[in-house]
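Those letters in the sequence shown? Residues 0 to 382, per numbering that gives the first Met the number 0, in order.
Backbone N, C-alpha and C fix where the C-beta goes; we use that ideal spot for every residue, glycine too.
All values derive from a computational prediction rather than experimental measurement.
What follows is a short report on a single structure.
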Amino acid sequence: MGNANINWDEVISLYKNGYSANRLGIMYNCKCDTVIHNLSKRGIRIRGRDEQRLLTYGIKPIEEWKRLYKQGLSLYKIADQYGTSYDIVRDALRKTDIVFRIGNTKYNLPWDKIIYMYVHQKESIKRIAKIYGCDPIVISDGLKRHDIEIRNNQEQCLIDRLNGKRPYNELNEHFFDKWNHEMAYVLGWIYSDGNIHKKLNQFNICTEPDHLVKLASILKSSAKVTSCTDFAGKLTISRKSVVKKLLDYGLAPNKTKTIKFPDVPCEYLGDFVRGYFEGDGCVTVGKDTNRKKVPRIRVSFVSSSRVFLDELKKRLELGGGGVYLNKNTSVYFLMYSGFLDVFKLYRIMYDNVNSNMCLERKLKKFYEYFNSQNVVNYMKERW
């Protein structure tokens, strides 16, 4: 993507929300140095590596993890001790000067017993690694050296469920049976930031951990929110009947380019659109103003499916808006930049909304804009 095609106001907003320059470079198909240069040119202070690491991983005792790892503790045991995930510890230590142990020369492991546990008892590699206090890669490499075929994650998950080692969490299994405000909102989130795994009979949603807790509460689910890198979390729901219902609404595995807009009843359209917007939408307030000194505002929805965005535009029934293709990424944008269109869209999505039914970060941006003095004065003059 050329620099001229990059919306730097949007990049600045994401950077202020904690995104790293490296991640933004990947998102906008440009070099990390290009992001840093353009942010600096626009007066944005660039965070140092330690400051960015703190934002990315949170307040984690990385130095303590390094010390424990050098003493011989496995990444798995460190994660277990600190109540976090193996992936978080591994990715945090990768950012340091630590040298990971490779191979099993440090361990005197009973491979006959391990092979029996893996092949006949169907134990997972992670569970075996936890039992013997070593990294999963040690077990995996050892099994490969003994010519044992390694199961993939989906196969292991199915085996664990059949053997009762991965129990189902509580869930309102009838949540998606009938349309209502909560159901439409959660469905919008799944259409944007959700994924369905038909073989595993599960779906997951990825976003900010605090909001995932809200979504789990709406679903009446006891599923835990797991941590991911870059301050994101994942909520995984496993239930065959629920996945079947989602498939009936038009969702599918690898839905990105084939997704179509569902038949949402008019009274619940605002809830569905809000859920989708909070997952795959953006609101940007520019520095430039119109003749009335009102800052320009733009709202965009993102999808790889042109059909979905065309139908969304049709259902919203606003005056302007247009669907555009980013040729470099094959992603479509539905954009609204007219003041009246954006105001109507704001009312459609957020009028009288419950705090549990919205992502407060995005609502706050609308609220601050429409309650700024220049905008209030402009609206008084116009209406």
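- request: Hey, could you find the ends of the beta strand (DSSP E) P294 is sitting in?
  value: P294 to S302
C29 versus H119 - alpha carbon distance: 49 Å
message: Based on DSSP bridge pairs, tell me the residues matched to F202.
response: I195 and I236
query: Which ranges would you report for the alpha helix (DSSP H) in the region 4-76 if only whole runs of at least 4 residues count?
result: 7-15, 20-26, 31-40, 48-56 and 61-69
message: Classify A20: buried if its beta carbon has 16 or more other beta carbons within 10 angstroms, exposed otherwise.
response: buried
- request: Kindly indicate which residue of M348, G141 and I114 has the alpha-carbon position closest to the one of L362.
  value: M348
For V224, the residue or residues it bridges with in DSSP: L234
- prompt: Do the CB positions of I236 and A222 come within less than 7 Å of each other?
  reply: yes
query: On the three-pair Cβ rule with 8 Å, is the region 238-248 touching the region 279-288?
result: no
field: Nonlocal neighbours in the same chain, by C-beta distance under 6 Å from N373, ignoring five residues either side
entry: K292 and V293
query: Taking just the CA atoms, how far does K313 sit from I87?
result: 42 Å
- prompt: Measuring CB to CB, does T138 end up less than 7 Å from I124?
  reply: Just to set this straight, residue 138 is Ile in the shown sequence, not Thr. Yes, the Cβ-Cβ distance between I138 and I124 is below 7 Å.
query: G321 by DSSP, collapsed to three states: which one?
result: strand
query: Taking DSSP as the reference, what is the three-state secondary structure of L250?
result: coil
message: Residues in the same chain with beta-carbon distance under 7 Å from R41, minus the five sequence neighbours each way, listed in chain order, please.
response: W7 and I11
task: Return the CA-CA distance between N107 and N168, expressed in angstroms with no decimal places.
output: 37 Å
- request: Write down the C-beta distance between G249 and P264 rounded to the nearest angstrom, noting that I regard them as a contact closer than 8 Å.
  value: No, G249 and P264 are not in contact; Cβ-Cβ is about 15 Å, not under 8 Å.
message: Let's test the definition: count the other Cβ atoms within 10 Å of the Cβ of Q153 and tell me whether it reaches 16, buried, or not, exposed.
response: exposed
Other residues of its chain near Y75: CB distance less than 6 Å, five sequence neighbours each side excluded: Y85, A128 and K129
message: Using only CA atoms, which one of I296, T328 and D350 lies nearest to G337?
response: I296
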